[in-house]
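Novice: Residue numbers (the numbering used here): 43 to 238.
1. What's the call for residue 95, buried or exposed, on a 16-neighbour Cβ count within 10 Å?
2. Would you mind working out which of 145, 151, 184, 168 sits nearest residue 158, comparing C-alpha positions?
3. If you compare alpha carbons, which of 86, 73, 76 is closest to residue 224?
4. Given a threshold of 16 other Cβ atoms within 10 Å of its Cβ, counted over all protein chains shown, does residue 166 qualify as buried or as exposed?
5. Under a three-way DSSP split, which group does residue 191 fall into?
6. Hey, how far is the Cα of residue 121 from the Cα of residue 162?
7. Only counting the same chain, and skipping five residues up and downstream in sequence, which positions put a Cβ closer than 6 Å to that of residue 181?
8. For residue 84, which residues of its own chain have a beta-carbon under 6 Å away from its beta-carbon, when the five flanking residues on both sides are left out?
9. Check whether the segment 125-135 and the segment 192-205 touch, using three or more Cβ-Cβ pairs below 8 Å as the test.
10. Can you list, in chain order, the residues of its chain with a C-beta nearer than 6 Å to that of residue 170? Leave out the 5 residues immediately preceding and following it.
11. Do residue 220 and residue 117 come within 7 Å of each other at the CB atom, strictly closer than that value?
12. Could you name the residues of the same chain whose beta carbon sits closer than 6 Å to that of residue 90, not counting the 5 residues immediately before and after it, in chain order?
13. For the alpha helix (DSSP H) containing residue 207, list its first residue and its last residue.
14. Looking only at its own chain, which residues have a Cβ that is under 7 Å from the Cβ of residue 186, when we skip the five neighbours before and after it?
15. Is DSSP giving residue 98 helix, strand or coil here?
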């Protein structure tokens, strides 16, 4: 009489199927794949807000007639170099985000690709810097347009050019939404690289 008890193999192991228990490497890859999907969705949101901000500011224009049709006051984004910089910078940021989408898709397919994630992290920091600088400069001009500055005799123009100011203010808000989304993108990339 022997002291061992024979246990028959389960049917899934006997048929050559893998057991249903995930290994730590599979769990890690699954977590990184989830981060890559969130990264892709954040990029889509940032594309919408960056290109929306550029388009909104680029189409901001208002004309006020004064006495006759030949003598008019006009407010347009291209009257101010800061707003021109804003439109160009946000268009560049939006273009970068569109070009980064294929790399983000590759990061979903290959969640353990460290070099790709590091490249996206570095380029995201550069794009964040450009978006933040243009948004901050435009915000300062929009503030002056709304409130003026009595010390320098700069008048608030938003009482006359209300539609222009609303459009410019909306563009600045959209650009800061893109900045916040970039911050989340960078934090996610850094977290995924740290857990590698």
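Virtual Cβ for every residue (Gly too), placed ideally from N, Cα, C.
For clarity, every value in this text was computed on a predicted model and none was experimentally measured.
Specialist: So, from the data block:
1. Walking along the chain shown from the start, residue 95 turns up at place 53. That one is buried.
2. Here residue 158 refers to the residue found at position 116 when the chain shown is read from its first residue. Cα-wise, what sits closest to residue 158 is 145.
3. Within the chain shown, the letter at position 182 stands for residue 224. Closest option to residue 224, Cα to Cα, is 86.
4. Locating residue 166 in the chain shown gives position 124, counting from the first residue. Result: buried.
5. Here residue 191 is taken as the residue at index 149 of the chain shown, counted from 1. The answer is strand: DSSP assigns residue 191 an E or B state.
6. In the chain shown, counting from the first residue as 1, residue 121 sits at position 79. In the chain shown, counting from the first residue as 1, residue 162 sits at position 120. Going by the C-alpha atoms only, they are around 35 Å apart.
7. Position 139 of the chain shown, counted from the first residue, corresponds to residue 181. Only 214 meet the Cβ criterion.
8. Position 42 of the chain shown, counted from the first residue, corresponds to residue 84. So the qualifying residues of the chain are 223, 226, 227.
9. Flag = no, the segment 125-135 and the segment 192-205 do not touch.
10. What you label residue 170 is simply residue 128 of the chain shown in a count that begins at 1. Closer than 6 Å at Cβ, skipping near neighbours: 224.
11. The residue given as residue 117 occupies position 75 in the chain shown. The residue given as residue 220 occupies position 178 in the chain shown. No, they are not a contact pair.
12. Position 48 of the chain shown, counting from 1, holds the residue named residue 90. Same-chain partners within the cutoff: there are none.
13. Locating residue 207 in the chain shown gives position 165, counting from the first residue. Taken as a continuous stretch (DSSP letters only), the alpha helix (DSSP H) holding residue 207 covers 204-236.
14. For this step, residue 186 is matched to residue 144 along the chain shown. Closer than 7 Å at Cβ, skipping near neighbours: 196.
15. Taking the first residue of the chain shown as 1, we reach residue 98 at position 56. DSSP places residue 98 in helix when its eight states are reduced to three.
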